[in-house]
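Everything below concerns the one structure shown next.
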Amino acid sequence: MATTTEVKPEPGTLSNEEILRYSRHLIMPEVGMEGQQKLKAARVLCIGAGGLGSPLALYLAAAGVGTLGIVDFDVVDYTNLQRQIIHSTADVGRKKLDSAAEKLAAINPFLNIRKFETRLSSENALEIFREFDIIADGTDNFPTRYLVNDACVLTGKPNVYGSIFRFEGQASVFATEAGPCYRCLYPEPPPPGLVPSCAEGGVLGILPGLVGVIQATEVIKLILGKGEPLIGRLLLIDALGMKFRELKLRKNPECPACGTHRTITKLIDYNEFCGIRGEEKPVDAGVPEIQVEELKRRLDAGDDLFVLDVREPHEYQICNLGGHLIPLGDLPKRIHELDSSREIVAHCRSGVRSAKAVTFLQQAGFKKVHNLAGGILAWADRVDTKMPKY
Amino acid sequence: MTKIHIPTPLRQYAGKQPAVEVKATTVGEALAGLVARHPDLRRHLYTDDGKLRAFVNVYVNDEDVRYLQKDATAVGDGDTISIVPSIAGGR
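Sequence order for the protein chains is Z and E. Under my numbering, the residue at position 348 of the first sequence is numbered 348, and the numbers go up by one with no gaps. Add 1000 to a position in the second sequence, counting from 1, and you land on the number used in my numbering.
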């Protein structure tokens, strides 16, 4: 189960065409023929062909990594195109795996692409990881982050890590023999709902480019065995301030995954570990709900309903139902603007934040408050199809 | 004064500020001062029984306070405290 920092694959020989293609590498002493052969012999697995996976896979393919595995089960949609540069407009509706493989093969026909059309799980992760030398984590949720980490520790593969939120990113190299793993840094995930996802919180389109390219750089360095990898260091990227900061990470001797007394000896149920049951379940299930058709009917009938919009002002500008705007975060201090004797329908974009608002109002003594199921997105789908979706 | 860096996901609970300056001699005091000024931050930083949450790391300059003296870690003028929660986005 020993992990090595420097990956030493069997060197492959290069054809004349490849020598020409990689000439800018070959004339550098840090890469040279030996390094380029190492790249060709290397097998790298990208988890996800999305925001981070796009630049990561594109650059690794161009650089001459011999075998690139991609795990993805998703389909390209319009909201992906703002940042997932491996996919183009014509790919909307196609499998990300097919779209990505096509672009990568076009960049480098010498690349061996291995497609894994599956959701990475405790059942398949070890088997897939064993066929690769380095794992690059470009997923978007906590259960998969912990799964990738533990599977890397168990199989002895370095975990080249990157994650993003709005305009902030983190990058590191975990699970090498000498260095810490992701669990040394964060022993436990946040409870569901406390940390918003990119779908809820948004992400600056160039940010995954920045972070994904940092991951690609680390992958290449590990393969070449050159430079100082981000082992034991957490790089914090602030794109808005354009500041890069570095924090020291230590291997935690008490770590359940990589410490001296390991308790994680096989993969576990990561949804359960992260407190999630089922997929994308709203955090506050069980609050009183109203469907969009019902709201429409009652508003048209002139019922006395107070529509409360708990989104942010910039979201209100995109589309709105004419509701009273109080962002969820401001609700506690602006609760006096609401009349508890009136019937209130709270809504947000998809129904997650407004469910929290309903729970909060109920705890504050409001009795007649409903959550608009599916939020303004459901309204745009089922009531007013001219309304823009975001 | 000690500067506390507020990470993006928590800025909405800290008056949308990227950093807050507090007067304190230890990390514990500095965070208590921060939470007193921005009470909404409390439940994001601490569990109900007052422990720092496991997915929130606190650094003084570039060192994790877990490996220093935790809450009792001394801070002074010019030190920077960073709150670094886990983020998972990538797609």
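We treat Cβ as the ideally placed atom computed from N, Cα and C, and that holds for glycine. In this text, all values refer to a predicted model and were calculated from it rather than measured experimentally.
- prompt: At a Cβ threshold of 8 Å, is Ala1074/E touching chain Z?
  reply: no
Straight-line gap, Lys296/Z to Phe273/Z (C-alpha atoms, nearest Å): Taking the straight line from one Cα to the other gives about 40 Å.
- prompt: The alpha helix (DSSP H) with Tyr182/Z in it runs from where to where?
  reply: Tyr182 to Leu185
query: From what residue to what residue does the beta strand (DSSP E) around Val116/Z run?
result: According to the sequence as given, residue 116/Z is Phe; it is not Val. It spans Asn112 to Phe116 - the beta strand (DSSP E) in which Phe116/Z sits, taken as one unbroken run.
message: Please state whether the Cβ-Cβ distance between Phe167/Z and Cys152/Z is less than 8 Å.
response: no
- prompt: So is Ala1014/E in contact with chain Z if we call contact Cβ pairs under 8 Å?
  reply: no
task: Check the Cβ of Gly51/Z against every Cβ in chain E and list those closer than 8 Å, keeping chain order.
output: Per Cβ cutoff of 8 Å: Gly1089, Gly1090 and Arg1091.
message: Residues of chain E with CB closer than 7 Å to the CB of Ile166/Z, please, in chain order.
response: According to the sequence provided, residue 166/Z is Arg. The question's Ile does not apply to it. The answer, in chain order, is Thr1008.
query: First and last residue of the alpha helix (DSSP H) that includes Phe360/Z?
result: Val352 to Gln363
- request: Could you tell me whether the Cβ of Asn159/Z comes closer than 8 Å to any Cβ of chain E?
  value: no
- request: Check the Cβ of His1038/E against every Cβ in chain Z and list those closer than 9 Å, keeping chain order.
  value: The premise fails here: His1038/E is roughly 11 Å from chain Z at the closest Cβ pair, so nothing lies under 9 Å.
- prompt: Quick one: what does DSSP say Lys96/Z is sitting in, helix, strand or coil?
  reply: helix
message: Please list, in chain order, the chain Z residues whose beta carbon lies closer than 8 Å to that of Tyr1067/E.
response: Here the neighbours are Arg250.
- request: For the segment 305 to 314 of chain Z and the segment 343 to 353 of chain Z, state whether three or more C-beta atom pairs, one from each stretch, are separated by less than 8 Å.
  value: yes
task: Specify the secondary structure class of Tyr390/Z as computed by DSSP and reduced to three states.
output: coil
- prompt: Listing by chain order, which chain Z residues have their CB less than 9 Å from the CB of Ala1054/E?
  reply: Tyr186, Pro187, Glu188, Pro189 and Pro190
query: Can you tell me where the beta strand (DSSP E) with Asp300/Z in it begins and where it stops?
result: Here Asp300/Z belongs to no beta strand (DSSP E); instead the alpha helix (DSSP H) covers Val292 to Asp300.
message: Buried or exposed, going by whether 16 or more other CB atoms sit within 10 Å of the CB of Asp284/Z?
response: Residue confidence is low: Asp284/Z scores 49 on pLDDT, short of 50, so the model does not pin down where it sits. No coordinate-derived value is stated.
query: From Ala42/Z to Tyr59/Z, what distance separates their C-alpha atoms?
result: Each residue's CA atom was taken as its position, placing Ala42/Z and Tyr59/Z some 14 Å apart.
query: Got a sec: is the Cβ-Cβ distance from Arg21/Z to anything in chain E below 8 Å?
result: Contact with chain E is absent for Arg21/Z, since none of that chain's Cβ atoms lies less than 8 Å from the residue's Cβ.
task: Closer than 7 Å by beta-carbon distance: list the chain Z residues that pair up with Glu1021/E, in chain order.
output: Those within 7 Å of Glu1021/E in chain Z number zero; the least Cβ separation is about 16 Å.
- request: Taking a Cβ distance cut-off of 7 Å, strictly less, list which residues of the segment 282 to 305 of chain Z are near chain E, in chain order.
  value: Residues: none.
task: Identify, in the order they occur along the chain, each residue of the same chain with its Cβ nearer than 7 Å to the Cβ of Leu331/Z, setting aside the five sequence neighbours on each side.
output: Val310, Ala357 and Phe360
message: Within 8 Å of any Cβ in chain Z, is that where the Cβ of Asp1049/E sits?
response: no
- request: Pick helix, strand or coil for Val31/Z, following the three-state DSSP scheme.
  value: Collapsing the DSSP output to three states places Val31/Z in coil.
message: Three Cβ pairs or more, each shorter than 8 Å: is that satisfied between the segment 82 to 91 of chain Z and the segment 48 to 66 of chain Z?
response: yes
- prompt: Mind pulling the chain Z residues with CB within less than 8 Å of Asp1064/E?
  reply: Result: Leu247, Lys248, Leu249 and Arg250.
field: Contacts of Tyr1059/E in chain Z (Cβ-Cβ under 7 Å)
entry: Leu247
message: Is there a Cβ of chain Z sitting closer than 8 Å to that of Val1027/E, yes or no?
response: No, Val1027/E lies away from the interface with chain Z (no Cβ there is under 8 Å from its Cβ).
- prompt: DSSP three-state call for Cys274/Z: helix, strand or coil?
  reply: The answer is coil: DSSP assigns Cys274/Z none of H, G, I, E or B.
- prompt: Is it the case that the CB of Glu131/Z approaches a heavy atom of the ligand SAM more closely than 7 Å?
  reply: The ligand SAM is absent from the structure shown, which contains no ligands of any kind.
field: Other residues of its chain near Ile107/Z: CB distance less than 7 Å, five sequence neighbours each side excluded
entry: Leu58, Ala61 and Ala62
message: Closest to Ala216/Z by C-alpha separation, out of Val383/Z, Pro256/Z, Tyr161/Z and Met33/Z, would be which residue?
response: Tyr161/Z
- request: Find the nearest neighbour of Gly365/Z within the set Val213/Z, Ser340/Z and Glu289/Z, judged by alpha-carbon distance.
  value: From the listed residues Val213/Z, Ser340/Z and Glu289/Z, the smallest Cα separation to Gly365/Z is found for Ser340/Z.
query: Roughly how many angstroms separate the alpha carbons of Ile1004/E and Ser163/Z, rounded to a whole number?
result: Their Cα atoms are separated by approximately 22 Å.
message: So, with DSSP's three-state summary, where would you put Glu188/Z?
response: coil
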